[in-house]
Amino acid sequence: TTSDESSFCSVEFQSREKKHERRECGTKCFPITSPGTRTRTNTNINSANKHISDAKAQFHRLSAALENAGVSSRMDFDNCKECDNPNNTIHPNETSPTSALNSSDEHVPPAFCTTHQSAVMNQSIFCNETTVLTTASNPCEIQMHKPSHTFVVCADSQIGMTSQNKEWETELNYCREAISKMNQLSPKPAFVCVCGDLIDMEYTFFANETTGLTKEQCDKIQDDQNAAFKEVWSTLDDDIPLVCLCGNHDIGNVPTRTSIEKFKSAFGDEYLAFWSNGSYNIVMNNVLFSEPSGAMDMFEEHLTWLEERLEYGVSHQANHIFVFGHHPWFLYNDDEVEEDLKGVIPFPEEWGSRDGAGFPERYFGIRKKYRDMALSLFKKYGVSACFSGHFHQNVVSKSSFGMDMIITGPLSLVFDSDNKPESYEENVRGIRIVEVTKGHFSHRFETL
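Residue numbers (the working numbering): 699 to 1146.
In structure tokens form, the structure reads like this:
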């Protein structure tokens, strides 16, 4: 996803528009560009169409070179049978399927969601539903082109949390530790996903008589925290794409169109999907599933989109389908109700004495009514695992139909529920490394 000033997710995402489904091909994870060039791609219609025309000519030259080199490929650039716009041009008032496209290659037309560098001419090959390049050096991410890959999940950087937004250098330092660890990983992960609560300040929590803060003051702090988050995370290795999704401290416990649009103005679309080495990754705004009442129309749109993406992943024979969200769909079992969640999470010592007060465990779950809407789809389409944060502690559970629910501990304050079953993972700050192979995946939590 992108902001007007910075790009922090160079994983190209699938359009939510059905008319663009033809371009939902093997999405390539581009390297993040240098901090000075991390800007939103502002599509210029005429320029985009010229790029597309140039790309076609480039494509035909490359096809001839591949044929001369004896390389087998199956391509039909001009006659995509699934395209409602066969020339792949962008027209005024048409949103690009990669409205946040940001590639290190300045010549990539905004109308395409992926590019692959050719070993023959060092040129770009544009991939659509009918295009599969069969050379091992130029794989489509929709295909599993290597035996395994890894990705990293972390959560709740929540900068400002320890001091309740009086300072946030504390959490930024935790982020720096995590980024340093990720930058040293070998092989490099395919991507890193921060599962929400990027920052702590959201005015519905803090604009009140107790804090003495106004909404305007809270919004200013939120903007400052967003900027600090981006500055620190810009130090992630340029070859590791970063996916940032929203949590309740980014858009509120009762998200509204206004709060969601504010997040989007800072980080880009709040939900998206992409391929990585044959696995399909669905990134959700499931704060809407926790409490949809403030934006019911957006919730319903999201639910429809979710099933379309799941069906798409299955129809394209995804090795795995992984789902990422801020809220755990459940804590301990998928049939739990609020009455089952009797635990209390004491407020952290850093907030001072509060006479044994704490968060009720049920605060961290999703009500069964809305949970079941999602879980029924996950069961139907065979989702391998869901990853989340929000609970500020490590919990790994399994649904009744075999899907893993993996809650990852925070990059900020650590909580500990008095009702949690014994866990093989300790409650500390850290990152989760996931290794994916054919038909299998494993994960481990590494402490900071």
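The C-beta atom is built at its ideal place from N, Cα and C for all residues, glycine as well.
Asked	Found
Collapsed DSSP secondary structure at Y1079 in the structure displayed	helix
Where F965 sits in the DSSP three-state scheme	helix
Inter-residue CB distance, S855 and V890 (contact presumed, cutoff 8 Å)	Contact flag wrong, Cβ pair sits at about 12 Å.
Whether F1143 touches E1120 by CB criterion (8 Å)	no
T1002 to G1137 span [Cα, whole Å]	27 Å
Separation of E999 from K928, as counted between CA atoms	29 Å
Where H899 falls: helix, strand or coil (DSSP)	The amino acid at residue 899 is misidentified as His; the sequence shows Met. DSSP places M899 in coil when its eight states are reduced to three.
Own chain partners of T1145 with C-beta closer than 8 Å, once the 5 adjacent residues on each side are dropped	E1124, V1126, R1127, G1128
Cα-Cα separation, S1095 to K1067	20 Å
Test item: CB-CB of K1118 and G1056 under 8 Å	no
Bounding residues of the alpha helix (DSSP H) (the contiguous stretch that carries L1111)	Counting along the chain, L1111 falls outside any alpha helix (DSSP H), and DSSP gives it neither H nor E.
C-beta contact flag for F1062 and H1088 at 8 Å	yes
Counterpart residues of R1130 in DSSP-defined beta bridges	V851, F1143
Extent of the continuous alpha helix (DSSP H) run through M1103	Taken as a continuous stretch (DSSP letters only), M1103 belongs to no alpha helix (DSSP H), being part of the beta strand (DSSP E) at 1102 to 1105.
Boundaries (first-last residue) of the beta strand (DSSP E) holding L970	970 to 974
For F1085, three-class secondary structure by DSSP	strand
Same chain, Cβ closer than 6 Å to T902, five either side skipped, listed in chain order	G950
Spatial distance of N742 from H1014 (CA atoms)	In this prediction, N742 has a pLDDT of 38, which is less than 50 and means its spatial position is unreliable; what the coordinates show is noted afterwards. If you take the alpha carbons of N742 and H1014, they lie about 32 Å apart.
Three-state class that DSSP yields for K844 in the structure shown	coil
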